[in-house]
Structures are given as structure tokens and as C-alpha cells.
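Protein chains in written order, with my numbering: chain B, 1 to 311; chain H, 1001 to 1350.
We put the beta carbon where it would ideally sit given N, CA and C, even for glycine.
Okay, structure first, notes after.
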């Protein structure tokens, strides 16, 4: 029983990284911009988080600073891809290379230092003493509640229950029609891409402030790319994205348990699981259920820059 | 007189090339400023790099060794781009090729003259198998190849790390985390530079010729620039997509073979040196041209070699990765700016 509680507890914790990054990518892709720089943004957020917490001893300050760095870098990325309309794939790859390289360069000084303060679990009175569920759900850190409940519900309501949400989805589906209806296409794209980048950097900080919690080169380990893939699997919906991330948390934590309990599978092979799982999850559903392709389709204008004069 | 910017649908080749050169210059200046801000002396470092690279035969030989895998990984990405597919998985296919070539070298007995072509073939097949699932998923279910190819990079890296530290670990125990030294070496061509270099150039030339002078190449180019038009004209788009993507994987796999049998001589974790990711840079710099890839690879090899030289000066390899990111970023921006021209127009007189 303890084993199951342990696996589920770690699953939530591990899935949080992917959930936050995937929510950010949902924002960007819903307005029609592919941000392939998530991996680099996460690296930048991770190093910002650890650097800030080493100086200030406050994980909240570290997380906030990471969000701010993500916001700034996101503004540059958004300005270049939305207003200048540079190739989104290239700019995203460039951001990943720059972010990973820069974080690793700065990170040399912080390598291996454990975070002096982290987001630690908060036991919610009464609820945490419910057997099984209590230990899994109600002893997590603050960010877990933010990532799994508050943020996805807010985004879901914003996207699917408000007029503004209708507008932002229109921008991703048919920017020309949205433009004709008087929606400021470029401005909406700019701010949602920027906000998405901030969340990606926040996911990096979650990694070094709550999950690992220390910096080492390659700590992001492709999680940014898995997050991008999860968004496809989740059909570009915030609630699905969080559930998909949780599923990945389970896979990751099974790998940990396997290593800790000396299962007769080599550690590198167990480490392959999240990547192979991701591929299976984005390939199998569309092959198995053809209808899924229409229901879970990408925004129609995804990756296409908008030119008013070429309408 | 009003001066305004006008956007052209396609940039003229001369301006596009100039934009490239300016972008690379800007990226290097930015990198220099960042290095200066962190307390280094960029001009002194740059001189050091130039002297070590071009001042001696050894420097050029180092570049020659680096350029070989870069030509092939760059070509791999460029080939896929011809039909509009992003192969971000050259890194993984490179590992798969190196893995397959090593497997053949370790476990199949035979004279070197037979074994080298066999290892070459194994490399190609390794890379081809590694891109098979992303190819079929893209062709039949329209799953983005960008993400599937990329995710398989991590799997290939872990696979090579696993065999090099586990089942295939050097039984002699001379080195940690590598296989035994391979018995078959790719012979040397000039100095330290092995025959992988001319072979890489030959592969690039053959591929370029196939695209330029065959019906298949023509159809692939049409299918890449306008899939709808290609389908309407009765060209088998799906078949071309599958063949081109598999070819792309095989070329990246081939890159792994001379690296393991000519340069490193052992299979070890991290053998790829990011060659697959840098291949994306090479292909972009070459604007998807198969011959241009050779020039792009030469430029990247010099930059990569600079990184190795700079390591002795306290600049680490991740800095080089960041600099390549800067170059890619400025190139993407420059490409877009090349589409604009300044026009001055007199307002119409009433």
C-alpha cells in the first residue's frame, strides 16, 4: 500500500513539470503559434530559479523571477514570430539551443548545489488524514494545487466560456476572419505566446525548486519536448493537457520505483519509458480512432504567420 | 515623397545571401559582446581561434574530422526539407547508425575490406530503422514528424549509453563506459582526415544530382513546394514522402559509421557531439541545397572547432551551443528581413 501511495505521490509531483509547460504551450498553439523553444525556456527558468533561491533563500522569489525571465524572453520570441513573422520552427529551435546553452554556461557555478529552500509539501488539516487519497492529494506543495486545479480550470473557463476565449480561439483557427471581425490578431497572439513562455520558464523553476531539486546540466532532459507532444495528445485543451501530464508522471515514477527496487531492467532502459510512451500516445490514438483526428485537430492556422494584405 | 517598407513574396537570391552573411556577423558580434560582459576578451580569443585553426595543418585536419559528420547530418535534414518534412532526429539516427556499425564490427568476423562496406550498410540501415516509425506515422496518420523524430533522439542516446556501459563494455577494461576498440579502421585520406570526408562529399554530390537530374528528384521538389499541385498532377505524394524520409534517416545513420570507425574507434555515450542538432543549422544555412550543405558544414565545423580551442581558454562547450542558437536565430530574422524592400513613392497628385 505504501508503494502505491509513493508512486501516486511522485506521479503528481513529476507530472507537474510537464503540466505547467504543456499549459503554456496550449496558450501559444491555441492562438496559432508553435513555440518549440519550451525546452530552452525551461532550462532558463530552472537556472533562474536555483540562482535566485541560492541568493534569497526564498523559493517563491525564485519561481517569480523565473516567470519574469520567461516573460521577457517570451516577448522577444513573440515579437519576432508574430510581428516580424519569422519562421516559427527555426526561431523555436534557436531558442532551445540558446536557452540550453546559456543555462548550462551560467549553471556551471550552481552545478550540484542542492536548493537551500524548496517548495515543501503542505499537509492540509483533516483532508490529509483520509487514508490513501489524503497522503496522495493533500500533502503536496503549493505549486501542485496551482498547476493541477487553479490554473487549468481558469484557462478552461477563459478559453471555452468567455467571449475573449472565443476570440483567441478564432485567432488560431482563422486569423483573417478574426481580423475582419475587429479582433486584434497580432496583439492577442503576442500576449498569449508571451504568457505561454512565462509558464514554460515557470515549469523549469518547478523542476529545480520542487521536484529535483538542484541544478545539473541536462536537468530538463527533453521534458520541454515531451510537453510539446502532450499538447497534441491533449487535443489543445488545458484540462486534457493536465491529465496527460499526470499520466506521464505515473510513467516517470514507475521508472523511479523500478530503479529504487532494483527491478531487473537497466536504468537507461527505464529512462527511455517517458519518450517511448509519448510517441505511443501521439501515434496510437490517431491510428486507432480515425474520428479523433477531427475532434482533436490542431488549430487550423497553427504555425502560419498572418499577413493582412495576403488575406 | 513617402518612404515605406514593401514586402515581396520571395526574396531575391543575392539579398537573401547577403542577409545570411550579415546575420552570422551579427550573431558573432552579439556572442562577442556577451563574452566580453562575462569578463573574457573576445578579440584575443578570436585571434587565438584563427591562429589555431588556420595557422597549422593540424588545425585544418581537426576541422576536416568535424566537417565529415556535419555534411551528412546536414544533408539528412536538407533532404527531408525538400519534401517539407522536418527531421529533427538526425541526432538519434546518427546514434542508431553508429550503434549498428559497431554491432557489426564487434560480432561479425571478416577481413577489413569486406567489413567496412558492411558497417557502412549497417549504419544506413540503423538510421533508416530509427526514422521508420515517425515516417509511417507522418505518411499514414499525419502525426507531426518533428516531435516523433526528436523524442527518438533521447531513446537512441540512452540506448548507446546503455550498451557502452553494459552489455558491450570493453572486456579488456581499458576504458570506462566504452566498447572495445574496433578492429576495422576507416583508412586515412590526408593526414588525420579519414576517407569518411571524401565519401561524405560524394554522398552530397550524388544526392544533389538525383534531385536535379532525375524525374524522381523533380517530383519530390514539386511535392515539397506544393503538395496539392503534386497530388493533382498524379504524383504519388505519400510514396515520395516515405522514400525521402527514409533516405534522410539512412544518410544520418551513415554519418555515425565513419565517426565510430574512423575518428573515435569506440562506441561511447555522447559520441555524437550534437552533430544531429547542428545538422539542422547546416541545412538551414544551406537553404536546403545539397551542395550548399558542404559550405554550411565547413562553417559549422570551424565554429565547433573554435569551441574546442576555447575550452582550453575556459569557455565551455555549452557556450558554443548558445552561440549556434544565436546564429540560427539571427538567420531566421535575416531571412524574413530579406523579404522587405524600401520603396519611395510620390503621393498621387490630384
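Around the Cβ of residue 1119 of chain H, a 10 Å sphere holds 16 or more other Cβ atoms; the residue is buried. Contact of residue 191 of chain B with chain H by beta-carbon distance below 8 Å is absent, the smallest such distance being about 21 Å.
A Cβ-Cβ contact shorter than 8 Å links residue 172 of chain B with residue 302 of chain B. In this structure the stretch 1143–1162 of chain H touches the stretch 1098–1114 of chain H; the number of beta carbon pairs closer than 8 Å is three or more.
At least one C-beta of chain B is nearer than 8 Å to the C-beta of residue 1086 of chain H.
Residue 155 of chain B has its alpha-carbon roughly 40 Å from the corresponding atom of residue 1317 of chain H.
Residue 1137 of chain H and residue 1143 of chain H have their C-alpha atoms roughly 5 Å apart. Annotation for residue 258 of chain B: 265 and 270 place their beta carbon closer than 7 Å to its own, counting only its chain and skipping 5 residues before and after. Per the DSSP secondary-structure output, residue 215 of chain B pairs in a beta bridge with B/111. Listed along the chain, the chain B residues whose CB falls inside 9 Å of the CB of residue 1305 of chain H amount to none; the nearest CB is some 17 Å away.
Here residue 8 of chain B is buried, its C-beta having at least 16 other C-beta atoms within 10 Å. For residue 1340 of chain H, the enclosing beta strand (DSSP E) covers residues 1340–1345. Taking a C-beta distance under 8 Å as the contact criterion, residue 1208 of chain H and residue 1131 of chain H do not qualify as a contact pair. The beta carbon of residue 1081 of chain H sits closer than 7 Å to those of 1283 and 1288, all from its chain and outside the five residues before and after it, given in chain order.
With contacts defined as CB atoms closer than 8 Å, residue 89 of chain B and residue 119 of chain B fail to qualify as a contacting pair.
In the three-state reduction of the DSSP assignment, residue 1083 of chain H falls in the coil class. If you ignore the 5 residues before and after residue 65 of chain B, its C-beta comes within less than 6 Å of the C-beta of 48 and 52, all in its own chain and listed in chain order. For residue 1019 of chain H and residue 97 of chain B, the gap between their C-alpha atoms comes out near 21 Å. Ranked by how close their Cα comes to the Cα of residue 1092 of chain H, the residues H/1129, H/1114 and H/1212 have H/1129 in first place. Within its own chain, the residues whose Cβ lies closer than 6 Å to the Cβ of residue 1134 of chain H, once the five positions on either side in sequence are excluded, are 1145, 1148 and 1149, listed in chain order. Between residue 74 of chain B and residue 197 of chain B, the gap from beta carbon to beta carbon is short of 8 Å. In the three-state DSSP reduction, residue 1291 of chain H falls in the coil class, being neither helix nor strand. DSSP lists H/1344 as the bridge partner or partners of residue 1003 of chain H. Apart from the 5 residues on each side of it in sequence, residue 1329 of chain H sits with its Cβ closer than 8 Å to the Cβ of 1027 in its chain, given in chain order. The beta carbon of residue 1345 of chain H sits no closer than 8 Å to any beta carbon of chain B. Counting along the chain, residue 1219 of chain H sits inside no beta strand (DSSP E); it lies in the alpha helix (DSSP H) bounded by residues 1215–1225. Looking from the CA of residue 1075 of chain H, the closest CA among H/1124, H/1251 and H/1050 belongs to H/1251. Taking 8 Å as the Cβ-Cβ cut-off, the stretch 224–245 of chain B approaches chain H at 225, 226, 228, 229 and 232, given in chain order. Contact check for residue 1300 of chain H against residue 1097 of chain H fails: the beta carbons are separated by 8 Å or more. Cβ neighbours of residue 1036 of chain H within its own chain (closer than 8 Å, five residues either side excluded): 1042. Leaving aside the five residues that flank residue 1112 of chain H on each side, the residues in its chain whose CB is nearer than 6 Å to its CB run, in chain order, 1184. Contact with chain H is absent for residue 264 of chain B, since none of that chain's Cβ atoms lies less than 8 Å from the residue's Cβ. Taking C-beta atoms under 8 Å as the contact rule, residue 239 of chain B and residue 30 of chain B fail to qualify, at a distance of about 13 Å. Straight through space, the alpha carbons of residue 170 of chain B and residue 145 of chain B are spaced by roughly 30 Å. Scanning B/306, B/44, B/10 and B/40 for the CA closest to the CA of residue 136 of chain B turns up B/10. Under DSSP, residue 1169 of chain H takes part in a beta bridge, and its partners are H/1179.
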